[in-house]
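As numbered in my numbering, residues 71 to 195 make up the sequence shown, in order.
Glycine is no exception: its CB is placed at the ideal position from the N, C-alpha and C atoms.
This one's a predicted model, so the numbers in the text were calculated from it and none came from an experiment.
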Amino acid sequence: MIVTDTATNVGAVKPRKAVLEMPEYHPPLAGRTALRLDFNENTFGSSPRVMEKMRSATAESLTKYPEREPAERIVAKHFELQAEQVLLTNGVDEAIHLMCCAFLEAEDEALIATPSFLCMTSACN
């Protein structure tokens, strides 16, 4: 449904009632006894190559962020892109921040949907 803001006379999309009534998502942070896929936990464990690399890591090498350009070149090659077309970030928050800095002006508006996780409850139906 599209509604018009009477103050600005601008049309906006109004969410369904079921969406408006959904509770905010607050992940449990303590007392976890099971795998949490919403935390992007790995169900298979690390690959043997990762484990081998970890065994050869030094305390000093674990204190530094790796340079991202070598990994971006690998990703670009895999997807048949130019390295300049790939940007790896430290999570989605950094990616959103960089996109906003690159494309939004101070007077621009952005729509950010919450919750941003797939809803698995009957409230979404």
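When only Cα atoms are considered, Glu142 and Glu154 end up about 8 angstroms apart. For Ala88, the secondary structure class from DSSP, reduced to helix, strand or coil, is helix.
Comparing alpha carbon positions, the residue from Phe109, Gln152 and Glu94 closest to Ala100 is Phe109.
Secondary structure of Val156 (DSSP, three-state): coil.
A distance of 9 angstroms or more separates the beta carbons of Pro118 and Arg106.
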